[in-house]
Amino acid sequence: VTGGRVQLAVTVIGRDRPGIIADTTRLLAGLGANLEDSTMSILRGHFAMVLVAAADVTATEAEAALAPLSADGSLQVSVREVPEEAPATPLGATYLVSVHGADRPGIVSAVTAVVAEAGGNVTDLSTRLSGELYVLLAEVDLPAAVDPEQLDRDLVATGLELGVEVSMRVLDPDVL
Amino acid sequence: MLPPLPDGRVRPAVLAPAAVLSSAATAVDPLDPVVVAATRWERGREGCLSVPDLTGDVKRATRLVLRAVLPGTGEQVEISTDAFEARALQHEVDHLDGLLFLDKVAGAHALHARQVYL
Chain L
542 VTGGRVQLAV
552 TVIGRDRPGI
562 IADTTRLLAG
572 LGANLEDSTM
582 SILRGHFAMV
592 LVAAADVTAT
602 EAEAALAPLS
612 ADGSLQVSVR
622 EVPEEAPATP
632 LGATYLVSVH
642 GADRPGIVSA
652 VTAVVAEAGG
662 NVTDLSTRLS
672 GELYVLLAEV
682 DLPAAVDPEQ
692 LDRDLVATGL
702 ELGVEVSMRV
712 LDPDVL
Chain C
5 MLPPLPDGRV
15 RPAVLAPAAV
25 LSSAATAVDP
35 LDPVVVAATR
45 WERGREGCLS
55 VPDLTGDVKR
65 ATRLVLRAVL
75 PGTGEQVEIS
85 TDAFEARALQ
95 HEVDHLDGLL
105 FLDKVAGAHA
115 LHARQVYL
């Protein structure tokens, strides 16, 4: 790509320390990139950030500009160009699927497989391991054609197989 | 999770916070509580002894009317509250239905690490 505004997806993962965001965004601002959506969290002590920025440079050029971030080996930085996507339009109602119970491998895959099978789209998800307790919270957009009660039954059945509690309910939007 | 109770069986509500017990209309734990009215919903932070390290934002009614019976006499009582106990009572009634606050949180990012003050 030469010239023209493109969207770049930037991921930064690694050892947490103060100043990672400040450093990353300073380098991006230096390229004339404009930050659009971004999310950052600390996952089990690891810094993890994903952002989408509009820029007039290629992904390769942006990655080169961000190279100082990964110079000491504590952070991994990658940049790729992504096509412009229309803003997501909800399929129907949004539900919150809540899963909690004793930790074991395969909880997320089993639960999200049931959601996917029904045509539900996960729009936000977080999981936490707190001692022995594993908690998964997923916001799920369900097409109007999907029977939420059937999906709820399927999820509860999957939870029984896994030995965890699963519940699903309409995510009540705060109306302002 | 508690098994569902057959119809007619009494279920006890054990209200953990001492403030609830002392400020409630009854001096003893009410049995078989049923929510009669729940209005003025607000989001607030709550925790649970069953989930020691996490808290969550949960939308609860701030005005609550519960109907319950007193152990021993079987006398029916109504508990009305617009204080913090409204949240505590709904939390405890949820337990009787086999639910934790984790089932009621306001979204995928409504869980938080519990702050430790002592």
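Order-wise, the sequence lines are chains L and C.
Note that the first sequence covers residues 542 to 717 in the numbering used here.
Note that the second sequence covers residues 5 to 122 in the numbering used here.
Note that CB positions come from ideal geometry on N, CA and C, so glycine has one too.
Here DSSP, grouped into helix, strand and coil, assigns C/Q119 to coil. One Cα belongs to L/S619, the other to L/L572, and the distance between them is close to 16 Å. Annotation: L/V707 to C/F105 spans about 13 Å, alpha carbon to alpha carbon. In the three-state reduction of the DSSP assignment, L/G633 falls in the strand class, which pools E and B.
With contacts defined as CB atoms closer than 8 Å, L/S639 and C/D107 qualify as a contacting pair.
Within chain C, L58, L115 have C-beta atoms less than 8 Å from the C-beta of L/R669, given in sequence order. In the DSSP assignment, C/P56 falls outside any alpha helix (DSSP H) and lies within the beta strand (DSSP E) extending over 55-73. L/T599: not part of any alpha helix (DSSP H); DSSP gives it neither H nor E. For L/V697, the three-state secondary structure derived from DSSP is helix.
Close CB contacts of L/G700 within its chain, under the 8 Å cut and outside five residues either way in sequence, are with V640, G642, V652, E706, V707 (chain order). Here the stretch 42-50 of chain C makes contact with the stretch 63-71 of chain C; the two share three or more CB pairs at distances below 8 Å. Residues of the stretch 663-696 of chain L with a C-beta less than 7 Å from any C-beta of chain C: D665, L666, S667, R669, S671, G672, L674, V676, L678, A679, E680, listed in chain order.
Fewer than three pairs of CB atoms, one per stretch, sit closer than 8 Å, so the stretch 665-672 of chain L makes no contact with the stretch 594-609 of chain L.
The C-beta of L/L637 comes closer than 8 Å to at least one C-beta of chain C. Sequence-ordered contacts of the stretch 84-113 of chain C with chain L read G102, L103, L104, L106, D107, K108, V109, A110, G111, A112, H113 [C-beta pairs closer than 9 Å]. For C/V40, the nearest beta carbon of chain L is not closer than 8 Å to its own beta carbon.
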